[in-house]
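K.L.:
In our numbering, the protein residues as written are 3 to 360.
1. Within 10 Å of its beta-carbon, does residue 100 have 16 or more other beta-carbons around it, so buried, or fewer, so exposed?
2. Below 8 angstroms on the Cβ atoms is my contact criterion, and I expect residue 241 with residue 222 to pass it. Report the Cβ-Cβ distance as a whole number of Å.
3. Does residue 32 come out as helix, strand or coil in the three-state DSSP assignment?
4. Enumerated in chain order, which unbroken segments of the beta strand (DSSP E) with a length of 3 residues or greater are wholly contained in the region 190-249?
5. Relative to the C-alpha of residue 47, which residue among 32, 301, 60 and 67 is closest?
6. Can you confirm whether the region 72-84 touches the region 48-57 when touching is taken to mean that 3 or more C-beta pairs between the two stretches lie within less than 8 angstroms?
7. How big is the Cα-Cα spacing for residue 125 and residue 149?
8. Got a sec, what are the start and stop residues for the alpha helix (DSSP H) residue 292 sits in?
9. In this structure, does DSSP put residue 49 in helix, strand or coil?
10. Quick one: Cα of residue 356 to Cα of residue 45, how far?
11. Following the continuous alpha helix (DSSP H) through residue 177, name the residue where it begins and the one where it ends.
12. Nearest-angstrom Cα distance between residue 25 and residue 43?
13. What are the residues that DSSP puts in a beta bridge with residue 71?
14. Apart from the five residues just before and just after residue 106, which ones in its own chain have a Cβ nearer than 6 angstroms to its Cβ?
15. Please confirm whether residue 316 and residue 305 have their CB atoms less than 8 angstroms apart.
16. From residue 69 to residue 344, what distance separates their C-alpha atoms?
17. Can you tell me whether residue 346 is helix, strand or coil according to DSSP?
18. For residue 159, is the classification buried or exposed, using 16 other Cβ atoms within 10 angstroms of its Cβ as the cut-off for buried?
19. Name the DSSP bridge partner or partners of residue 272?
20. Are residue 212 and residue 333 close, meaning C-beta to C-beta below 8 angstroms?
21. Helix, strand or coil for residue 287 per DSSP?
22. By Cβ distance, which residues of its chain are closer than 7 angstroms to residue 203, with the 5 residues on each side in sequence left out?
23. Mapping the DSSP letters down to three states, classify residue 278 as helix, strand or coil.
24. Please confirm whether residue 199 and residue 152 have their CB atoms less than 8 angstroms apart.
25. Within its chain, find whatever has a CB closer than 7 angstroms to the CB of residue 354; leave out the 5 residues flanking it on each side and keep chain order.
26. Looking at the C-beta of residue 282, does it have a partner C-beta in chain D at a distance below 8 angstroms?
27. Would you kindly work out how many angstroms separate the C-alpha atoms of residue 23 and residue 266, rounded to a whole number?
28. Keeping to the same chain, check which residues put their C-beta closer than 8 angstroms to that of residue 362; ignore five residues upstream and five downstream.
29. Count the other CB atoms, across all protein chains shown, that sit within 10 Å of the CB of residue 117; report buried if there are 16 or more and exposed otherwise.
30. Go ahead and label residue 104 buried or exposed: buried means 16 or more other beta carbons lie within 10 angstroms of its beta carbon, across all protein chains shown.
31. Residues in the same chain with beta-carbon distance under 6 angstroms from residue 330, minus the five sequence neighbours each way, listed in chain order, please.
32. For my contact list, residue 180 and residue 230 are in at a C-beta cut-off of 8 angstroms; report their separation, rounded to the angstrom.
33. From the DSSP output, in three-state form, read off residue 98 for me.
34. Within its chain, find whatever has a CB closer than 6 angstroms to the CB of residue 83; leave out the 5 residues flanking it on each side and keep chain order.
35. Could you name the residues of the same chain whose beta carbon sits closer than 6 angstroms to that of residue 64, not counting the 5 residues immediately before and after it, in chain order?
36. Quick one: using the 10 Å Cβ neighbour count with 16 as the cut-off for buried, is residue 185 buried or exposed?
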């Protein structure tokens, strides 16, 4: 359920800025109005998030924690901690739900009479939640696992007592978390045989985002957390289990363009693909082409080889600035022979897109 994108950009209007560096600029903590912005460069820990003002940083976190946040209100308590680790090749290719269940026993250590852990989620994100007693005090714990290639981020959310509004606010810290440079799974994840009805083509409309499109035949509409503007995520698999992934992102132009613009985003995505993939070739530069009624259109088509092997990766991506007040980022990414297998379905997808006016 991870709202993966090839890269992440977020616009911030900084009214009052207080910056505190942690460990050779590995992590910074910036006060932005009523939020605490925590980020680490791609070359370090590769993430960014905004925490509600009610959460404060608890000094310098000790290993293995990257940071520790805490909130207290009317005798209620909530804590958020993050750690990051490198997975083995086997773990990186394993179903994340199985991995989460295997780790649940460790998560329950130091809890007395814990309830049976509940595992939820899909794709590259899972949550493990339970409650129990620490000493004589009842406490709830939720661990959120987010996998990015061989990196695993684990958020530990603890609250006393469990089930309070403060606990819900702790979860918003995770909801505002984004990996900046997103890596695809190292190998296709085997899944249960899907319901044939779910693989049928389906016309979809997001009225608020003013877009109509077709989920192609042979694709599943996957669950995800709505980060970085993601509104649709489709995945198809060819007979050899190679993936074809379609992501549709939409941004409100009036808020997103304060510190950024569509051309900068498009250029970054273009350069990032070439940087992340071996022997990249295709578009020499961004191509300008108005399409789908947009005032500005930018696009590229690139192929390369996966950095962890020789699997061919192809990406077609279009960026659109429409006078309906929306910015669109539409991405089709294929692995191995999936592009050939879904050739007609992808043509039908591109033909189906309609951006509606104001």
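The C-beta atom is built at its ideal place from N, Cα and C for all residues, glycine as well.
Bear in mind the structure is a predicted one, so any value in this text is a computation, not a measurement.
P.N.:
Looking at the coordinates:
1. exposed
2. At roughly 16 angstroms, the Cβ-Cβ gap does not stay under 8 angstroms, so residue 241 and residue 222 are not in contact.
3. strand
4. If we require 3 residues or more, the beta strand (DSSP E) runs fully inside the region 190-249 come out as 204-208, 213-217, 221-223 and 232-239.
5. 67
6. When C-beta atoms of the region 48-57 are compared with those of the region 72-84, three or more pairs fall below 8 angstroms, so the two segments count as touching.
7. 9 angstroms
8. No alpha helix (DSSP H) holds residue 292; DSSP gives it neither H nor E.
9. strand
10. 38 angstroms
11. 167-177
12. Bear in mind that the predicted position of residue 25 carries a pLDDT of just 40, short of 50, making it unreliable; the figure below should be weighed with that in mind. Taking the straight line from one Cα to the other gives about 12 angstroms.
13. 59 and 82
14. 119 and 130
15. yes
16. Roughly 43 angstroms between the two C-alpha positions.
17. helix
18. buried
19. According to DSSP, residue 272 bridges with nothing at all.
20. No. Outside cutoff.
21. coil
22. Once the five neighbours on either side are set aside, the close Cβ partners of residue 203 are 216, 217, 218 and 219.
23. helix
24. In this structure, residue 199 lies away from residue 152, with their beta-carbon atoms at least 8 angstroms apart.
25. When the five nearest sequence neighbours on each side are left out, the beta carbons in the same chain lying within less than 7 angstroms of the beta carbon of residue 354 are those of 215 and 216, in order along the chain.
26. Here there is only one protein chain, and chain D is not present.
27. Summary for residue 23: the model assigns pLDDT 36, below 50, so the residue's position carries little reliability; its value from the coordinates is reported in the next sentence. Their backbone Cα atoms lie some 27 angstroms apart in a straight line.
28. The displayed coordinates of the chain run from 3 to 360. Any statement about residue 362 would go beyond what the structure contains.
29. exposed
30. Its Cβ having fewer than 16 others within 10 Å, residue 104 is exposed.
31. Excluding positions up to five away in sequence, the list reads 252 and 322.
32. 6 angstroms
33. Three-state DSSP puts residue 98 in a helix.
34. So the qualifying residues of the chain are 67, 70 and 158.
35. none
36. buried
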